[in-house]
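Single-structure report; data block below.
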Amino acid sequence: MSPPRPQKVLRTIGYWNGPSSERVTPEQIASGCPVENRFIWPKDIVDPAWESAVRSSIVTYLSTAPKIVAYMGLSWCRFRCGIQHLGATELSDGIWVWPEGLAHYVEKHLIRLPDEFVAHLKTSDFRIPTEVWFKDPGFMRQYAIEWDMKFWEDWCNAQRKP
């Protein structure tokens, strides 16, 4: 038997409610109906003044991080702005992971992101680490990778409009 692989936990951000949650009533949510409503709609976190001095640095960081996972389905803009395909990959800096289209929401729709994430970017002076564990092409076989959704779920819940 081979030894267990080292654990890597990536904190997720930038995931939205899916199309099925557009049709969900508050009563269904209150009853515990299993729906895609554990996140938030990006329209609920639009904030044009948020981090305006460094917004372009945040967008660059989000869009230039390494792609670590690709999926077969394409994401679509929840604002229905005319952009049909926001990508099918997830990007990461080795600590956080986010969908490829997150930069679009920050740049074009002026959404805000969690302070903890922005503090992380500022600490690194908005530079993606050059020495990260996932740059090895075989990293998925070398590590037991977990996508930690709890932080993002909790942050989304705290942002919900009453």
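According to our numbering, the sequence shown holds residues 1384 to 1545 in order. Positions of the beta carbon are idealized from the N, C-alpha and C atoms, including for glycine.
Rounding to the nearest angstrom, what Cα-Cα distance links residue i and residue j in this structure?
i, j, result
"G1456", "L1469", "10 Å"
"A1486", "E1473", "12 Å"
"F1422", "G1477", "22 Å"
"E1529", "R1394", "9 Å"
"I1494", "I1466", "16 Å"
"W1433", "A1502", "13 Å"
"Y1398", "N1420", "11 Å"
"S1440", "A1527", "31 Å"
"R1406", "V1452", "Confidence at R1406 is low in this model, with a pLDDT of 49, below 50, so the placement of that residue should be treated as unreliable; the coordinate-derived value is given next. Straight-line Cα distance between these residues: approximately 29 Å."
"E1490", "D1537", "24 Å"
"R1461", "C1539", "15 Å"
"R1505", "R1543", "At residue 1505 the sequence reads Lys, which differs from the Arg that was named. Computed Cα separation, rounded: 26 Å."
"S1475", "C1464", "25 Å"
"S1404", "W1479", "Only weak support exists for where S1404 lies, its pLDDT of 47 falling under 50; the value from the coordinates is given anyway. Going by the C-alpha atoms only, they are around 25 Å apart."
"H1492", "N1400", "16 Å"
"V1442", "I1511", "12 Å"
So is the beta-carbon of residue i under 8 Å away from any non-hydrogen atom of the ligand HEM?
i, result
"K1391", "This structure lacks the ligand HEM; in fact it carries no ligand of any kind."
Could you check which residue in the options has the C-alpha nearest to that of residue i?
i, options, result
"L1496", "R1438, G1477, Q1467, D1508", "R1438"
"M1532", "P1482, I1511, S1507, S1458", "P1482"
"V1392", "F1509, F1534, C1464", "F1534"
"D1430", "C1464, G1484, Y1488", "Y1488"
"A1541", "T1513, S1475, D1498", "D1498"
Could you check how far apart the C-beta atoms of residue i and residue j are, in whole angstroms? I think they sit under 8 Å.
i, j, result
"I1396", "F1500", "6 Å"
"G1484", "S1507", "Going by Cβ atoms, the distance from G1484 to S1507 rounds to 22 Å, so no, they are not a contact pair."
"A1471", "Y1454", "5 Å"
Under 9 Å, Cβ to Cβ, is there at least one residue of chain C near residue i?
i, result
"I1451", "Although the question refers to chain C, the structure presented lacks it and comprises just one protein chain."
So, does the region 1425 to 1433 touch the region 1444 to 1454, judging by three or more C-beta pairs under 8 Å? no
Which whole runs of the beta strand (DSSP E) in the region 1435 to 1519 are 3 residues long or more, in chain order? The qualifying runs are 1450 to 1453, 1472 to 1475, 1479 to 1482.
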